[in-house]
Every structure is written in C-alpha cells, then in structure tokens.
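Presented below is the structure to which this report refers.
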Amino acid sequence: MKHKDGNARRGELKTPHGVIQTPIFMPVGTIANVKTLTPHELTDLKAEIILGNTYHLYLRPGHELVKKAGGIHNFMNWDKPVLTDSGGFQVMSLSGLRKITQDGVRFQSHIDGSYHMFTPERVMEIQNSLGADIIMAFDECPPYPATKDYVAKSLKTTLEWAKRCQDSQKEPDKQALFGIVQGGVHEDLRQESAEKLIEMDFPGYSIGGLAVGEKKEDMFRITEFLNPIMPKNKPRYLMGVGTPSDLLVNIGNGIDMFDCVMPTRNARKGTVFTRNGRMIIKAARYKEDFRPIDDECTCYTCRNFTRAYIRHLFAANELLAMRLASIHSLHFYLELMHMARKAIENRNYNEFMNSMLKKLDNIVE
RNA sequence: GGAGAGGUUCCCGAGCGGUCAAAGGGAACAGACUGUAAAUCUGUCGGCGAAGCCUUCGGAGGUUCGAAUCCUCCCCUCUCCA
-12 MKHKDGNARR GELKTPHGVI QTPIFMPVGT IANVKTLTPH ELTDLKAEII LGNTYHLYLR
48 PGHELVKKAG GIHNFMNWDK PVLTDSGGFQ VMSLSGLRKI TQDGVRFQSH IDGSYHMFTP
108 ERVMEIQNSL GADIIMAFDE CPPYPATKDY VAKSLKTTLE WAKRCQDSQK EPDKQALFGI
168 VQGGVHEDLR QESAEKLIEM DFPGYSIGGL AVGEKKEDMF RITEFLNPIM PKNKPRYLMG
228 VGTPSDLLVN IGNGIDMFDC VMPTRNARKG TVFTRNGRMI IKAARYKEDF RPIDDECTCY
288 TCRNFTRAYI RHLFAANELL AMRLASIHSL HFYLELMHMA RKAIENRNYN EFMNSMLKKL
348 DNIVE
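Numbering (this note's numbering), first residue to last: -12 to 352.
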C-alpha cells in the first residue's frame, strides 16, 4: 500500500503478468472475453486486469483445452493479469441446477443438462489449468434473503472449503489464492469468517455475498465493519460490486478491487454510465440529440459518435450499439477509478467522493 | 366480362351473434439489470382519473334484446379464367 486517505487505500498489486494499481475495477470476461470487445480495445481503455469464470470455462471450452492453448492469457490473447472466479457465484445463480453437500456441489450444466461435481480440490485443479494470476477459493454464496442459520451453516462450509482449496493448491507462487469472506449482513458472522480466513493466511481476501439483493446500507455497513478487521497489507476484493457510487463508497471503506457485469451488461441493453448519472441511451428523448454521450468524456465513442446515432443503432438492433456503449461505460468505470486513485494520493478522497455521489445515481434526462 | 377471396385497433393478423376495446406477433414507449444461463426480462400500448362510461372492426342502411360477426346496396383490393 502506497497511500492512505481516511480508510481509502491506494496500492499496487504484483502479479506474474504485471502490476496493477488499486483501487481498481476489473471488467468481467466470464467466458474468456469481455463481451463485444477485443483485447486491443480493452488495452486502449486502460483495463489492467479482467475476470474469467471457472464454471463457465470448465463447461465450455473445457479447462483442459484452455491449458492446451497455453492458459487463458494465450488462449484469448490477453497478456495482462487475469482473475478467475471459482464458480461459487454460480452455486447461487444456478440454484435450480445444483445440490450442495459437505463435499462439494453437484451441478447440472445450464448448457446441456449434464451432471458435474465441483469440489474445492477440483476447482483448484481447474483454475490451475486456466492459469489466472489470481484465483478464488470455492465458496458458497448464500442467496438473499436467507435465514441467519443458513448463512452460518453455509459459512462453515465455505471455511472448510477454503482450507481444502489452500491445501490442494498446485502453484501458490504463480497464482494468488484469495479466501472469500461470507456471512451475509450479519456482523458477527462476517467477523468469524474474516478471522478464520486470516488465520489461514491468504495473500488476499475477497468479500462475497454482497450486492445480492440486500439494502445498500447493509452492504456499506458490512464493508465498513470489516475494514479494521482485514489485514492492512493485503488486497481486499469486493466481489460483484457494483454501481459507480457503490465503488466510491466502498473505496471509502477500504476496498481495493471490484468487478461487476453492470457496465458491460447494461451497455448491451441500452444504458450507459456517465459522471452525471445513468443515461438510458436507447430512450426516445435522444432521437435528435446530436451531442456525444458526455461532452467531456475522452473515450472513442464520445469522441466520434452522437447520442442520436447510438440510439438509432440500438433501435435498429445493431451490434455496434452494444460495442460503442460498452466502450463508453467501461471507460467511465476505469476513469472513475483513476480519479479515485488520484484523489487518495492528493488526500482529498472524501471531498471527491461526495461531489461525485451527488450525481452518480441520477438518471440523466 | 366470368369465377372466387378479402377489407379488423400504428403494421401484420386471429375472431365469425353475447364471455370483444377485440387473441398472437411486430413496431413504438417506459423501465429493470451488481463474483454474466442475459443483444435478456418486465410493464404500457382507443379515449375518460377508478367501478363504469364513451368511440372503434371499409361506407350506408337493415335484422336482433344484443352485431366485428347475419342480410341488402355501395366503394376498394387481390387471385384465377376469358
């Protein structure tokens, strides 16, 4: 960690494929691509690290194939760091297709219905084949709402699995394994989870199971609560979060890393993010609006295309609409992180955050 | 000229005596989306604040307690034969 401003942290994280600057946003590239974009475009956007997903890549094209291709970096032609999620999230999101036991999770493929077994050991083996720089322990991400009993039980399973992941990890020197703190919205459970993981001494810690439907204030309360508990010299990754304002508030609570499908998914569906709030660019109100999405934005989309044109592309169902919108929104997220890092270095993070928060949650008319 | 089919709410198209302001698509409009089963999903889509009422199924008449649906005439499309 290089700087601190309040609880906000400014740091660097070394990986085999380069150093990344934190706080950082990691675009999601579930199946070894950030949807609609090329690695070249991601590089232009100054993306430093992207995500892949164990469950999805295991099912298709298969981790063995990715290994044969020389690992995920080679396979997708991305030479910067990659983080793979363990499939723990799919335990929740594909809840209709799986059964959890103490040993692991029996899944039914969402693609062809075939049965598969994920154990912590298996997930470590798959992530080793994929070859990401940062890998996640296999966890169970409890849904929301869930009873406290359920969350507590699930937490125990996740802790056991974390140990098994650690014990079965093949190349700890090449892949940093993060343990995942669970515990829902309950501070005592979060504390127990964090402390036991810290005892196991992971190179980094993830916070999972947030932004799954609970109130924002609960999410912020939990990250604020965890801040003093988490080791100061290790990265903290808040999984799956979030909106631009979520990122800023959580940076203020000591989070270093984020990933979220929101900028890319929403972009594909016609909503982009700007410093003035969300803009539903497919809306009729932009039909004859010949300004860029954001006249101060320096992204490729804003430098070259108007709202009216992008709206037209959405109306016509053109693929370019999704690409241009994704480029803009990712640029905005990454630029927002850049500004946050600068603000921490300049020790005016709170001021920066508060001025941004005033607008970010608006819908731009 | 002869034989036949048809004109339905923005478009296509179902309905063929009451349960029809009228199925289903499309378009349009509004919105949701947080470790991606997502170029997906939800809602609105004749008018009036609601119960309800009003106007609407090519046009004009008629039959009927009641018509988009039945009858008559008219206008217009399309197909086939001469």
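Think of the CB as a built atom: it goes at the ideal place given N, C-alpha and C, for glycine as much as any other residue. Computed from a predicted model, the values in this text were never measured in an experiment.
Give me the Cα-Cα distance between residue i and residue j, rounded to the nearest whole angstrom.
| i | j | result |
| --- | --- | --- |
| G91 | E108 | 9 Å |
| I121 | M244 | 12 Å |
| K143 | L225 | 20 Å |
| M104 | G83 | 15 Å |
| N(-6) | E332 | 13 Å |
| A34 | K157 | 28 Å |
| N349 | N263 | 7 Å |
| P3 | M111 | 18 Å |
| L317 | I209 | 27 Å |
| K67 | F76 | 24 Å |
| C289 | K150 | 47 Å |
| Y45 | Q162 | 18 Å |
| T41 | S73 | 5 Å |
| G227 | I37 | 13 Å |
| F292 | K54 | 40 Å |
| K346 | D136 | 39 Å |
| E51 | Q114 | 10 Å |
| G191 | P14 | 19 Å |
| A124 | P10 | 21 Å |
| K219 | A56 | 37 Å |
Quick one: grab the DSSP three-state call for residue i.
| i | result |
| --- | --- |
| K67 | coil |
| F260 | strand |
| V15 | strand |
| Q95 | strand |
| T106 | coil |
| M217 | coil |
| D(-8) | strand |
| K86 | strand |
Have a look at the options and flag the residue whose alpha-carbon is nearest the alpha-carbon of residue i.
| i | options | result |
| --- | --- | --- |
| M326 | I238, F292, Y137 and L300 | I238 |
| P215 | M249, L234 and Q178 | Q178 |
| Q169 | L24, L197 and A163 | L197 |
| L311 | E352, R334, R265 and A254 | A254 |
| H315 | E204, N61, Y287 and Y296 | Y287 |
| F212 | N240, T230 and K219 | N240 |
| T23 | D136, S80 and E305 | E305 |
| E275 | H173, R298, K219 and F125 | R298 |
| D281 | K269, T261, I267 and R223 | T261 |
| A303 | S313, R328 and K269 | K269 |
| C284 | V78, E322 and P48 | E322 |
| W65 | I87, L81, T106 and G16 | G16 |
| L70 | S80, V138, G171 and D246 | D246 |
| I185 | C128, K203, M206 and R223 | R223 |
| D99 | R47, D126 and M217 | R47 |
Which residues mark the beginning and the end of the alpha helix (DSSP H) in which residue i is found?
| i | result |
| --- | --- |
| I331 | L306 to E332 |
| K274 | Looking at the DSSP string, K274 is not in any alpha helix (DSSP H), and its letter there is neither H nor E. |
| D205 | K203 to L213 |
| L0 | Per DSSP, L0 belongs to no alpha helix (DSSP H); it is in the beta strand (DSSP E), A(-5) to T2. |
| I380 | Because the chain here runs from -12 to 352, residue 380 falls outside it and cannot be looked at. |
| V236 | P231 to G239 |
Looking at the secondary structure, which residues open and close the beta strand (DSSP E) in which residue i lies?
| i | result |
| --- | --- |
| S193 | G191 to I194 |
| P224 | Residue 224 is actually Tyr in this sequence, not Pro. Counting along the chain, the beta strand (DSSP E) containing Y224 begins and ends at R223 to L225. |
| Q8 | G5 to T9 |
| D246 | M244 to C247 |
| I350 | Run containing I350: none; DSSP gives neither H nor E here. |
Run through the segment 33 to 79 for me and flag every whole alpha helix (DSSP H) of 4 or more residues, listed as ranges in chain order.
List check, alpha helix (DSSP H) in window: 41 to 46, 50 to 55 and 58 to 63.
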